[in-house]
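Peer 1:
Protein chains in written order, with our numbering: chain S, 7 to 263; chain A, 33 to 421; chain G, -18 to 114.
1. Count the CB pairs spanning the segment 1 to 14 of chain G and the segment 287 to 307 of chain A that are closer than 8 angstroms, and state whether there are at least three.
2. Compile a chain-ordered list of the residues in the segment 120 to 140 of chain S whose CB is closer than 7 angstroms to at least one CB of chain A.
3. For the putative contact between residue 204 of chain S and residue 247 of chain S, defined by C-beta atoms under 8 angstroms, what is the C-beta separation to the nearest angstrom?
4. Taking buried to mean at least 16 other C-beta atoms within 10 Å of its own C-beta, is residue 259 of chain S buried or exposed?
5. Let me know the secondary structure DSSP gives residue 111 of chain G once reduced to three states.
6. In chain order, what residues of the same chain have a beta carbon less than 8 angstroms from the beta carbon of residue 305 of chain A, not counting five sequence neighbours either side?
7. According to DSSP, residue 262 of chain S sits in a beta bridge with which residue or residues?
8. Beta-carbon within less than 6 angstroms of residue 104 of chain G's beta-carbon, same chain only, minus the 5 sequence neighbours each way: which residues are those?
9. Nearest to residue 118 of chain A by alpha carbon, out of A/262, A/226, A/209, A/412?
10. Going along chain S in order, which residues have a C-beta closer than 9 angstroms to the C-beta of residue 108 of chain G?
11. Please state whether the Cβ-Cβ distance between residue 220 of chain A and residue 167 of chain S is less than 9 angstroms.
12. Any residues in the segment 195 to 207 of chain S with a beta carbon nearer than 9 angstroms to a beta carbon of chain A? Which ones, in chain order?
13. So, residue 236 of chain A versus residue 52 of chain A, is the Cβ gap smaller than 9 angstroms?
14. Which chain G residues sit within Cβ distance under 7 angstroms of residue 216 of chain S?
15. Report the CB separation of residue 81 of chain A from residue 165 of chain S in whole angstroms; it is logged as a contact under 8 angstroms.
16. When DSSP builds the beta bridges, which residues end up paired with residue 95 of chain S?
17. By DSSP, does residue 229 of chain S sit in helix, in strand, or in coil?
18. Quick check: what's the CA-CA separation for residue 19 of chain S versus residue 112 of chain G?
19. Find the residues of chain A that neighbour residue 173 of chain S, judging by a C-beta separation of less than 7 angstroms, and give them in chain order.
20. Using 8 angstroms as the Cβ pair cut-off and three pairs as the minimum, do the segment 151 to 170 of chain A and the segment 135 to 144 of chain S touch?
21. Closer than 8 angstroms, Cβ to any Cβ of chain A: which residues of the segment 242 to 255 of chain S, in chain order?
22. Quick check: what's the CA-CA separation for residue 157 of chain S versus residue 138 of chain A?
23. Which of helix, strand or coil does DSSP assign to residue 39 of chain G?
24. Hey, does residue 105 of chain G have any beta-carbon neighbour from chain S nearer than 9 angstroms?
25. Pick from S/195, S/130, S/63: whose alpha carbon is nearest that of residue 68 of chain A?
26. Tell me which residues share the same chain as residue 53 of chain G and place their Cβ nearer than 7 angstroms to its Cβ, disregarding the 5 neighbours each side in the sequence.
27. Report yes if the CB atom of residue 188 of chain A is closer than 9 angstroms to the CB atom of residue 420 of chain A, and no otherwise.
28. What is the C-beta distance between residue 233 of chain A and residue 212 of chain A, in whole angstroms, given that I count them as a contact (C-beta under 8 angstroms)?
29. Compute the beta-carbon to beta-carbon distance between residue 238 of chain A and residue 97 of chain A, rounded to the nearest angstrom, for a pair I have assumed lies under 8 angstroms.
30. Looking at the structure shown, is residue 50 of chain G part of a helix, part of a strand, or coil, going by DSSP?
31. What residue does the alpha helix (DSSP H) around residue 130 of chain A start on, and which one ends it?
32. Identify whether residue 174 of chain S lies in helix, strand or coil by the three-state DSSP scheme.
33. Using the Cα positions of residue 65 of chain A and residue 83 of chain A, report the straight-line distance between them to the nearest angstrom.
34. Could you check what DSSP says for residue 29 of chain G in three-state terms: helix, strand or coil?
35. Taking DSSP as the reference, what is the three-state secondary structure of residue 237 of chain S?
36. Compare the C-alpha of residue 302 of chain A against each of A/87, A/222, A/321 and name the closest.
This is the structure we're talking about:
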């Protein structure tokens, strides 16, 4: 089990005396205990969702720091053949992210700027419906998850996704990784499909998704099922849109315009 | 009866060796793909299904065409088909073998294919496709082999074969319908999202399959003393004619809905195929060839010259098969991905290794077909055999 | 003696040579007994040098345990921690649990795997820690 605060202070004190540094001391003396003492996992949600305030995304750096955070947290490779690239979150123009809105008279700032796109973790995900092995499945907390062990690489999910959110490992991704930026998250192998996973491995440790953390408040993450959550508050007070809503997928990534 | 496939003329051995060589080249290319990954193909993040799945789709149709001989003969007593139902059934076996091979070379983890059985997922159409295709293969193997063995021994086939034959008829319809459902239920792919996708599959299958059967029957007549009979060929020709006319009609129906509704999402894929979209038009020439050859072949089939002169019939059947191969085996799958969900046009063309792997699979199918036909014809040409019912 | 003996006997000889290939090809090349080392800095600093289960259990069941962990973390209750019978907490993870202590893949994991010609593909995806010793 974990340890109480007295013991924690005792060990931390001894560790600093020995100059071993906090985490190493923990790992050496009681492996795994540090993780257990962090904030409890944010696991109690029923419907994880994201609200992106597009008004706060203007300069290229606003987008790049968010994209880079994801790439770094998940060892996403930079594939040589751009047509076979792997991307979990990226930016598109309005007419590409929201192609159903054939509005010729959009205000120029909206028409010219970019919008972040990623897996929408739909409530009715077509990708989950078509997967023959349940390698992609919907968790009780709303996240559409990938099980890389079970995926046979049939790419039916890629055909089923109406948002183009999924990428396939056409070759060994490690060839395109100069260094493994996050040793805690596995790289994938050739032959499996991958996509944004709402940073479920970070949620398990009580941390927000990497992109949300890097966005400096421009992106909000929370439980749609909880009427008091930040995301519900933002949606009550601001007009929001979603991508291709008429397809019935019920995407859970909202955009404040 | 296997021994009958081992002995043949010089031409037979040359053909088999040629097929084995093609299989060898295809297999070598597949080993390259297995080691490097599917990155060696032309498939990409946007067009994630390509040549392999397109061939699979086309061949499912050819496989179902056996029903076009079985149904008239067993349900409606069309006697002239009795001699050649075995040719249809063996063509079905060869086609389904190719279908299974094309899926195997297309997936990223072929050694995990059993996951489909270990973790059955009834809401996934691919799961059902796996079941119905393998079931159809088993059905045709059992039926074909037993009926042929019975003929060789000049006795009636065992009684339990009859119910299997009757089951194979709706089963043949099911393999198409299920394969069409792979496409017709995808919410983001407007080219495929049409209720008549399954109907179009049936139409093109019942044109392309029997067309191939006619070609094969004529080839067999040229190479062996076995004659399917002009009446059987004429009846098959009628089936091809109406199925081809229906297929052309269905395409026109699609064009009407797309262009009369004027909805961009519906129009774009057809525009891509017929004139090109945003400067991209790799398949325009193929589409027009398919249209022209298809219409010309349908006209030939309506005209009496194909009933009188077999050379014209052969030309028309080659035209039908080729036109439908372009439509199902080339443009259908790829166009579903154009434009991509973010309205960008990304094109696809198979790479050289990809084509050789596909040719290797086709060669495997033709080898299975050759061996099975050799056995069937040896039995049928043996004076001691007799078809007893 | 027999029909076609000048064809059959050479073929039998060739067959016996081919069938016993693994035996005579590897003569004198016996691989050394595996010697997995558990003297990593992390293990040496442990107060009680115990794994999550006794050595004999781990030897036979480590793959089953890893698979069970995967099912729990990815598909089960998504919990990341496990507690041993005597109250010690570990991460249910190859990288962050097992290899936290056993950080020397070449001198530990590979020892038995190479001897048995077993090539687990775990490390195609899971990141092995950088070798220090």
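No residue lacks a Cβ here, since even glycine has one placed at the ideal position from N, Cα and C.
Peer 2: Taking the geometry as given:
1. no
2. 132, 135, 136, 137, 138, 139, 140
3. The sequence position of residue 204 of chain S within the first chain is 198, counting from 1. The sequence position of residue 247 of chain S within the first chain is 241, counting from 1. Not quite, the Cβ-Cβ distance comes to about 20 angstroms (not below 8 angstroms), so this is no contact.
4. For the purposes of this step, residue 259 of chain S is taken as the residue at position 253 of the first chain. When all chains shown are included, residue 259 of chain S counts as buried.
5. Within the third chain, residue 111 of chain G is the residue found at index 130, counting from 1. Correct three-state label for residue 111 of chain G: coil.
6. Counted from its first residue, the second chain places residue 305 of chain A at position 273. Its chain contains 315, 316, 319, 363, 367 as the residues whose beta carbon lies nearer than 8 angstroms to that of residue 305 of chain A, once the 5 sequence neighbours on both sides are disregarded; these appear in chain order.
7. Locating residue 262 of chain S in the first chain gives position 256, where the first residue counts as 1. Partner(s): S/59, S/246.
8. Your numbering for residue 104 of chain G matches position 123 in the third chain. Closer than 6 angstroms at Cβ, skipping near neighbours: no residue.
9. Looking up residue 118 of chain A in the second chain gives position 86. Looking from the CA of residue 118 of chain A, the closest CA among A/262, A/226, A/209, A/412 belongs to A/412.
10. Counted from its first residue, the third chain places residue 108 of chain G at position 127. The contacting residues are 81, 186, 188, 189, 190, 191, 192, 193.
11. Within the second chain, residue 220 of chain A is the residue found at index 188, counting from 1. Within the first chain, residue 167 of chain S is the residue found at index 161, counting from 1. Yes, the Cβ-Cβ distance between residue 220 of chain A and residue 167 of chain S is below 9 angstroms.
12. 195, 196, 197, 198, 199
13. Here residue 236 of chain A corresponds to residue number 204 of the second chain, with the count starting at 1. Here residue 52 of chain A corresponds to residue number 20 of the second chain, with the count starting at 1. No.
14. Within the first chain, numbered from 1, the residue matching residue 216 of chain S stands at position 210. Near residue 216 of chain S there are no residues of chain G at all, since even the closest Cβ is about 17 angstroms away, more than 7 angstroms.
15. Numbered from its first residue, the second chain carries residue 81 of chain A at position 49. Numbered from its first residue, the first chain carries residue 165 of chain S at position 159. Sure, about 6 angstroms apart at Cβ, within 8 angstroms.
16. As a position in the first chain, residue 95 of chain S is number 89, starting the count at 1. Its beta-bridge partners are S/124.
17. On the first chain, residue 229 of chain S is found 223 positions in, with the first residue counted as 1. If DSSP states are grouped into helix, strand and coil, residue 229 of chain S belongs with the strands.
18. By one-based count along the first chain, residue 19 of chain S stands at place 13. By one-based count along the third chain, residue 112 of chain G stands at place 131. When rounded, the distance between both Cα atoms is 30 angstroms.
19. The sequence position of residue 173 of chain S within the first chain is 167, counting from 1. Simply 77.
20. yes
21. 250, 253, 254, 255
22. The residue you call residue 157 of chain S lines up with position 151 of the first chain. The residue you call residue 138 of chain A lines up with position 106 of the second chain. Answer to the nearest angstrom: the Cα atoms are 13 angstroms apart.
23. Translated into the one-based positions of the third chain, residue 39 of chain G becomes position 58. If DSSP states are grouped into helix, strand and coil, residue 39 of chain G belongs with the helices.
24. By 1-based counting over the third chain, the position of residue 105 of chain G is 124. Proximity of residue 105 of chain G to chain S, defined by a Cβ-Cβ separation below 9 angstroms, is satisfied.
25. In the second chain, the residue the question calls residue 68 of chain A occupies position 36. Of S/195, S/130, S/63, the residue nearest in Cα terms is S/195.
26. Counted from its first residue, the third chain places residue 53 of chain G at position 72. Taken in chain order, the residues that qualify are 60, 73.
27. Working through the second chain from its first residue, we reach residue 188 of chain A at position 156. Working through the second chain from its first residue, we reach residue 420 of chain A at position 388. Yes, the pair counts as a contact, with Cβ atoms nearer than the cut-off.
28. As a working mapping, residue 233 of chain A is identified with position 201 in the second chain. As a working mapping, residue 212 of chain A is identified with position 180 in the second chain. Contact holds; Cβ gap of about 4 angstroms.
29. For this step, residue 238 of chain A is matched to residue 206 along the second chain. For this step, residue 97 of chain A is matched to residue 65 along the second chain. Right, their Cβ atoms sit about 6 angstroms apart.
30. Counting from one through the third chain, the residue named residue 50 of chain G turns up at place 69. In the displayed model, residue 50 of chain G falls within a helix according to three-state DSSP.
31. Here the question's residue 130 of chain A lines up with position 98 in the second chain. Note, residue 130 of chain A: alpha helix (DSSP H), 117 to 138.
32. One-based indexing of the first chain puts residue 174 of chain S at position 168. Strand, per DSSP.
33. What you label residue 65 of chain A is simply residue 33 of the second chain in a count that begins at 1. What you label residue 83 of chain A is simply residue 51 of the second chain in a count that begins at 1. So the alpha carbons of these two residues sit roughly 14 angstroms apart.
34. Numbered from 1 along the third chain, position 48 holds the residue referred to as residue 29 of chain G. If DSSP states are grouped into helix, strand and coil, residue 29 of chain G belongs with coil.
35. Translated into the one-based positions of the first chain, residue 237 of chain S becomes position 231. Three-state DSSP puts residue 237 of chain S in a helix.
36. On the second chain, residue 302 of chain A is found 270 positions in, with the first residue counted as 1. Taking only the C-alpha atoms, the option nearest residue 302 of chain A is A/222.
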